[in-house]
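Q: Input: one structure, supplied below.
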Amino acid sequence: MMHLCRNLLRHRRLPILIIAGLLASLLPASGWEGNWPPETDIPVDPAVVSGQLENGLRYAILRNTEPR
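Below is the structure:
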């Protein structure tokens, strides 16, 4: 037990870093709120199928024949 207390005293920042990491994990993540599909000068391949699911998930699918 004394060994554990000595180690904690040597590493005073460790509990602070652990608590800060736990608190940071509770913050909501901000997502990308851009246009879908993104506005660009690059032409989109007509074979790309895109859409949005009922739950809000957006997708773009392109058939890939490689590797075989």
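If you read the sequence shown in this note's numbering, its first letter stands for residue 20, the second for the next number, and so on.
Where a beta carbon is used, it is the ideal one built from N, C-alpha and C, also for glycine.
#1: Do you know how far the Cα of P34 is from the Cα of L41?
#2: For the candidate residues I38, P86 and A79, whose alpha-carbon lies nearest to that of P65?
#3: At the level of alpha carbons, what is the spacing between L46 and G70?
#4: Rounding to the nearest angstrom, what Cα-Cα distance links L36 and S44 in this structure?
#5: The alpha helix (DSSP H) that contains A79, what's its start and end?
A: Once the coordinates are examined:
#1: 11 Å
#2: A79
#3: 29 Å
#4: 12 Å
#5: Here A79 belongs to no alpha helix (DSSP H); instead the beta strand (DSSP E) covers R77 to I80.
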